[in-house]
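Working notes, structure below.
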Amino acid sequence: MKIFKIMILGFLAGSFSAKAQNYTNVPNGLQLSTKDMLVKIQFYGPEVVRIVKYPLGKTFNKESLSVIQTPVKTSFSTAQNGNQLTLKTKQLTVAVSLTSGKVSFSAPNNTQLLAEKEQGASFTPFDDAGNKTFTVQQTFVLDKDEAIYGLGQQQRGKMVQRNLSLNMVQGNTDDYVPFFQSIKGYGLFWDNYSPTQFKDNQEGTFFSSDVGDGIDYYFMYGKNADGVIAKMRELTGQVPMFPLWTYGFFQSKERYKSQDELVGVVKKYRDLNVPLDGIIQDWQYWGNNYLWNAMEFLNVEFPDPKRMVNEIHQLNAHALISIWSSFGPKTKQYHDLDSINALFSFNTWPQSGSEKWPPNRDYPSGVRVYDAYNPKARDIYWNYLDKGLRSVGIDGWWMDSTEPDHLDFKPSDLDNKTFLGSFRKVRNAYPLMTVGGVYKHQRELDNAKRVFILTRSAFAGQQRYGANTWSGDVTASWAALRNQISAGLNFSLTGIPYWNSDIGGFFLNNFKRKLDDPEYRELYVRWLQFGTFCPMMRSHGADAPREIYQFGKKGDRAYDAIEKYINLRYTLLPYIYSTSWDVTANQSSMMRALMMDFPADKNALDINDEYMFGKSILVSPVTSAMYTQVSGSGANTVKKEDFSELKAKETYLPAGTAWFDFWTGEKLEGGAKTSKETPLDILPLYVKAGSIIPLGPRVQYATEKKWDSLEIRIYPGANGNFVLYEDENDNYNYEKGAYSTISFSWDDLKHTLTVHDRKGFFKGMLDSRKFNIVLVSGADTSGTGTKQEIQINYTGKKKSVKF
23 MKIFKIMILG FLAGSFSAKA QNYTNVPNGL QLSTKDMLVK IQFYGPEVVR
73 IVKYPLGKTF NKESLSVIQT PVKTSFSTAQ NGNQLTLKTK QLTVAVSLTS
123 GKVSFSAPNN TQLLAEKEQG ASFTPFDDAG NKTFTVQQTF VLDKDEAIYG
173 LGQQQRGKMV QRNLSLNMVQ GNTDDYVPFF QSIKGYGLFW DNYSPTQFKD
223 NQEGTFFSSD VGDGIDYYFM YGKNADGVIA KMRELTGQVP MFPLWTYGFF
273 QSKERYKSQD ELVGVVKKYR DLNVPLDGII QDWQYWGNNY LWNAMEFLNV
323 EFPDPKRMVN EIHQLNAHAL ISIWSSFGPK TKQYHDLDSI NALFSFNTWP
373 QSGSEKWPPN RDYPSGVRVY DAYNPKARDI YWNYLDKGLR SVGIDGWWMD
423 STEPDHLDFK PSDLDNKTFL GSFRKVRNAY PLMTVGGVYK HQRELDNAKR
473 VFILTRSAFA GQQRYGANTW SGDVTASWAA LRNQISAGLN FSLTGIPYWN
523 SDIGGFFLNN FKRKLDDPEY RELYVRWLQF GTFCPMMRSH GADAPREIYQ
573 FGKKGDRAYD AIEKYINLRY TLLPYIYSTS WDVTANQSSM MRALMMDFPA
623 DKNALDINDE YMFGKSILVS PVTSAMYTQV SGSGANTVKK EDFSELKAKE
673 TYLPAGTAWF DFWTGEKLEG GAKTSKETPL DILPLYVKAG SIIPLGPRVQ
723 YATEKKWDSL EIRIYPGANG NFVLYEDEND NYNYEKGAYS TISFSWDDLK
773 HTLTVHDRKG FFKGMLDSRK FNIVLVSGAD TSGTGTKQEI QINYTGKKKS
823 VKF
């Protein structure tokens with residue numbers, strides 16, 4: 023059998039083979055034709071390759087909405103063995119059949135990572151609103167027990183995304199990203215924006231999209247989960263820093279009905295000495311539904327919005343406000359957008375011009391979604407946002423209905439024309455376009471204030487737009503709380519690191535007595551504990567207010583537990599903010615599925631109720647009622663609190679490391695389950711051996727005190743490192759190098775902590791400070807931990823402390 027090998031370097035041009043071989047060189051790759059299709063293989067780097075397939079005689083010209091990276095010049099070799107052509111970089115081998123077009127991917131050691139199914143590509147002719155195109159599908163073959171993750175956010179409670187079928191169309195509580203990564207260390211991004219089916223069963227694993235001129239996907243080999251995420255972000259965009267204040271506590275509800283009420287909530291928190299950094303104004307500050315999303319304070323209960331925002335700022339808090347993807351027929355935006363044909367004609371929320379519930383459809387609202395794919399429409403959207411809300415000092419944008427709301431769905435709705443073709447063609451990328459429009463416009467005008475967007479939907483690449491996605495209007499229940507964990511983790515595993523949920527759940531349909539229901543009060547406390555360890559800590563919901571004082575007063579169990587965890591969040595700010603820098607600088611993730619840090623532990627791969635928060639703290643939320651006694655049924659159900667017996671939660675501690683109970687310091691071995699008593703104010707938390715955790719001062723808002731006296735906790739049992747990051751807190755000067763880092767390293771054998779030379783500089787940086795070094799020493803004879811403490815003065819020069 024004849025074998026030949028040719029080296030290709032980077033962007034060599036022209037054909038290098040005999041015409042009979044039917045493949046040619048293209049920039050950074052090769053193109054070949056089978057009897058019925060063209061296959062293009064193009065490297066974007068040594069670990070990333072793009073695969074494009076389309077029918078013979080057709081053309082494929084696409085500018086990706088998600089991928090912003092251009093191909094990096096990559097050296098690769100080619101070899102032909104019979105009907106198989108192999109392309110090989112230092113990190114990845116791609117093999118393609120010259121007869122069928124089947125593609126497979128292997129690691130440098132020739133271990134196969136993923137393969138397409140033979141004859142797994144299909145192109146079914148499809149008429150997309152008059153455009154002759156295809157429904158496209160590609161089927162892959164996964165190992166039988168191969169664990170995969172990602173695909174966005176679903177409310178199913180599944181961690182491993184196998185043996186399921188998904189209809190991937192953006193919705194209120196489901197955010198779809200057609201990307202998955204494998205425990206084998208690779209990722210696959212299906213670059214298509216139309217309604218897509220994902221299915222995994224015994225026949226194979228496939229993506230099938232309603233509209234596509236061809237199959238278009240990216241394969242990346244990162245060796246592990248962090249590496250895969252790094253490659254996905256290289257393709258689709260890096261993550262900017264959020265302001266420090268966004269990691270504090272946010273209070274919201276549906277809705278504050280006047281500016282006095284809104285400011286009064288902030289004042290109440292300050293009077294109670296309970297920390298708060300953000301207050302959020304929900305909808306209808308603009309007035310009636312015909313003025314929907316006017317982006318002006320037209321409601322008479324908000325007579326002086328600039329004074330309102332100033333009062334919030336004087337209380338050292340920040341204001342976010344609700345903006346939508348749609349406009350009422352009496353708004354200025356509606357008129358301007360309609361004049362350029364940038365409004366869609368399908369039904370959206372609200373459905374009635376009357377604000378009464380249920381909606382009276384005899385009086386349609388006339389509200390229409392705008393064409394966020396149109397750059398002129400995005401300009402109009404921003405101009406009104408800037409003039410109406412940014413001008414009064416609003417600090418961030420709560421972009422609601424960014425999926426967008428699509429009610430009374432009809433297939434013909436997808437024929438709506440957008441700037442980029444049919445709505446069907448680009449449906450799932452809507453959140454990327456509308457969120458991106460706001461981010462880009464604000465960045466063009468202002469580098470002194472970081473963009474912060476809270477959004478209800480997301481698509482691949484949205485991490486580059488300063489957005490934190492929340493899980494939508496979920497209905498409060500214990501099952502819903504549990505489902506948030508896997509939803510947030512799988513969402514993060516697509517490369518989009520910032521996620522949160524409505525603490526307490528949005529709707530209280532399951533709790534007729536609302537806050538008077540003892541089971542709901544218990545659920546709210548447990549949800550807030552979970553929210554403490556999410557990238558954003560935000561209380562919000564309908565049907566009942568959620569402010570801390572609605573749950574009693576100091577000395578009451580629920581109130582005290584809520585206060586404890588809000589304060590804990592602020593104590594952890596140095597750890598959280600430094601972790602956010604790790605996300606930006608090193609492509610890390612804040613919420614980390616156990617498979618990210620413990621891929622070799624098979625027992626950790628499919629756990630859906632635990633996760634790592636940063637790389638040191640294991641969080642095990644309580645997701646079932648423990649202290650509510652229920653009797654009777656139906657209308658005769660009676661609930662009451664019952665704290666007569668302490669309950670416990672069992673937690674699996676991954677193997678390969680020792681662990682410390684965060685609360686007691688007790689040392690535990692990994693690879694086994696442990697039981698932790700969980701009174702209402704205890705969430706099981708465990709710290710990995712070798713961790714170094716900085717703890718900040720007690721404050722009422724994030725920037726109240728400088729970090730001039732931090733506690734540095736060391737959890738021995740392994741070597742460890744931590745980088746403390748600081749900057750000016752709320753501008754983009756860090757992009758120009760205005761920040762500092764202090765590296766801590768723990769030598770477990772020598773029992774020595776080294777605080778290394780400070781690197782970098784920024785305006786307002788501390789010249790000197792105190793570190794209170796605390797060594798957590800594991801269990802003593804009482805079963806709890808002991809601590810050793812040494813205080814040092816640090817002036818930016820290297821110091822070592824031996825215990």
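When we follow my numbering, the leftmost residue of the sequence shown carries the number 23, and every step to the right adds one. Here a beta-carbon is modelled for each residue, glycine too, at the ideal position from N, C-alpha and C. None of these values were measured; they are calculated from a predicted model.
Between the options, which has its C-alpha nearest residue i's C-alpha?
{"i": "Ala831", "options": "Glu663, Gly418, Gly692", "result": "The chain is shown only over 23 to 825; residue 831 falls outside these bounds and no answer can be derived."}
{"i": "Glu632", "options": "Lys180, Gly79, Ile90, Ser97", "result": "Lys180"}
{"i": "Leu257", "options": "Ile416, Lys624, Pro93", "result": "Pro93"}
{"i": "Val721", "options": "Val745, Pro426, Glu699, Arg292", "result": "Arg292"}
{"i": "Gly718", "options": "Ala607, Pro596, Asn625", "result": "Pro596"}
{"i": "Gln485", "options": "Val798, Ser514, Leu294", "result": "Ser514"}
{"i": "Leu545", "options": "Pro643, Arg478, Pro217, Gln355", "result": "Pro643"}
{"i": "Val496", "options": "Gly309, Phe529, Gly517, Leu511", "result": "Phe529"}
{"i": "Gln245", "options": "Ser204, Lys289, Ile237", "result": "First, the residue type needs correcting, since residue 245 is Lys and not Gln in the sequence shown. Nearest of Ser204, Lys289, Ile237 to Lys245, Cα basis: Ser204."}
{"i": "Ser423", "options": "Leu365, Leu436, Gly193", "result": "Gly193"}
{"i": "Thr227", "options": "Glu276, Phe481, Asp235, Trp212", "result": "Trp212"}
{"i": "Asn625", "options": "Tyr452, Ala129, Gln160, Val182", "result": "Val182"}
{"i": "Ile715", "options": "Leu705, Lys354, Ile736", "result": "Ile736"}
{"i": "Lys661", "options": "Gly577, Leu537, Ile334", "result": "Leu537"}
{"i": "Phe271", "options": "Val48, Arg560, Glu323, Gly526", "result": "Arg560"}
{"i": "Phe220", "options": "Asp703, Lys575, Arg412, Met190", "result": "Met190"}
{"i": "Glu69", "options": "Leu594, Tyr599, Pro130", "result": "Pro130"}
In whole angstroms, what is the alpha-carbon distance linking residue i and residue j?
{"i": "Ser39", "j": "Val163", "result": "Confidence at Ser39 is low in this model, with a pLDDT of 39, below 50, so the placement of that residue should be treated as unreliable; the coordinate-derived value is given next. Rounded to the nearest angstrom, the two C-alpha atoms are 31 Å apart."}
{"i": "Phe665", "j": "Thr679", "result": "35 Å"}
{"i": "Gln572", "j": "Ala566", "result": "9 Å"}
{"i": "Ile30", "j": "Lys139", "result": "Its pLDDT being 35, under 50, Ile30 is placed unreliably by the model, and the measurement read from it follows with that caveat. Spanning the two alpha carbons is a distance of roughly 28 Å."}
{"i": "Gln113", "j": "Ser97", "result": "11 Å"}
{"i": "Phe33", "j": "Ser126", "result": "Below a pLDDT of 50, predicted positions are generally treated as unreliable, and Phe33, at 36, falls in that range; the measurement from the model is reported next regardless. Using only the alpha carbons, I get a separation of about 23 Å."}
{"i": "Arg465", "j": "Tyr487", "result": "10 Å"}
{"i": "Lys24", "j": "Gln64", "result": "The predicted position of Lys24 is uncertain, since its pLDDT is 33 and thus under 50; a value taken from the coordinates is nonetheless stated next. Each residue's Cα considered, the two are about 25 Å apart."}
{"i": "Val823", "j": "Trp681", "result": "23 Å"}
{"i": "Gln91", "j": "Gln260", "result": "11 Å"}
{"i": "Phe825", "j": "Lys637", "result": "24 Å"}
{"i": "Thr803", "j": "Asn741", "result": "With a pLDDT of 46 at Thr803, under the threshold of 50, the modelled position of this residue cannot be trusted; read the value that follows with caution. Thr803 and Asn741: Cα-Cα distance of roughly 25 Å."}
{"i": "Val641", "j": "Leu87", "result": "35 Å"}
{"i": "Asn369", "j": "Arg449", "result": "15 Å"}
{"i": "Ile402", "j": "Asn321", "result": "22 Å"}
{"i": "Gly174", "j": "Trp603", "result": "23 Å"}
{"i": "Ala101", "j": "Leu60", "result": "19 Å"}
Which residue marks the beginning of the alpha helix (DSSP H) containing residue i, and which one marks its end?
{"i": "Met254", "result": "247 to 258"}
{"i": "Ala580", "result": "579 to 593"}
{"i": "Arg277", "result": "Here Arg277 belongs to no alpha helix (DSSP H), and DSSP marks it neither H nor E."}
{"i": "Val288", "result": "281 to 294"}
{"i": "Ile619", "result": "For clarity, residue 619 is Asp in the given sequence; the question names Ile instead. First-last of the alpha helix (DSSP H) with Asp619: 616 to 619."}
According to DSSP, what are the bridge partners of residue i?
{"i": "Gly209", "result": "Gln203, Met242"}
{"i": "Arg791", "result": "Tyr816"}
{"i": "Glu672", "result": "Ser697"}
{"i": "Trp308", "result": "According to DSSP, which records beta bridges pairwise, Trp308 is partnered with nothing at all."}
{"i": "Lys637", "result": "Paired residues: none, contrary to the question."}
{"i": "Asp683", "result": "Tyr708"}
What first and last residue would you give for the beta strand (DSSP E) that runs through residue i?
{"i": "Thr554", "result": "First-last for Thr554: 540 to 554, but that is the alpha helix (DSSP H), not the beta strand (DSSP E)."}
{"i": "Ile764", "result": "761 to 769"}
{"i": "Phe513", "result": "Phe513 -> not in any beta strand (DSSP E); alpha helix (DSSP H) instead, spanning 500 to 514."}
{"i": "Gln303", "result": "300 to 303"}
{"i": "Ile334", "result": "Not the beta strand (DSSP E): Ile334 falls in the alpha helix (DSSP H), residues 327 to 336."}
{"i": "Met559", "result": "559 to 561"}
Let me check you understand the geometry: is the CB of residue i closer than 8 Å to at least one non-hydrogen atom of the ligand MN?
{"i": "Arg255", "result": "By its list of ligands, the structure shown contains no ligand whatsoever, and the ligand MN lies outside what it can speak to."}
Uninterrupted beta strand (DSSP E) stretches inside the segment 43 to 105 (no shorter than 3 residues): Fully enclosed beta strand (DSSP E) runs of 3 or longer: 45 to 48, 51 to 55, 59 to 67, 70 to 77, 97 to 103.
Beta strand (DSSP E) runs contained entirely in the segment 147 to 203, provided each spans 3 or more residues: The qualifying runs are 153 to 163, 170 to 175, 186 to 190.
Whole beta strand (DSSP E) elements within the segment 418 to 455, 3-residue minimum: DSSP runs (the beta strand (DSSP E)) wholly in the segment 418 to 455: 418 to 421.
Entirely enclosed beta strand (DSSP E) segments - the segment 360 to 418, minimum 3 residues: Fully enclosed beta strand (DSSP E) runs of 3 or longer: not present.
Length-filtered (4 minimum) alpha helix (DSSP H) runs lying within the segment 692 to 758: For the segment 692 to 758, there is no continuous alpha helix (DSSP H) assignment of 4+ residues that stays within its boundaries.
Contained beta strand (DSSP E) runs [length at least 3] in the segment 449 to 495, N- to C-terminal order: Given a length threshold of 3 residues, each whole run of the beta strand (DSSP E) inside the segment 449 to 495 is given here in chain order: 475 to 477, 489 to 492.
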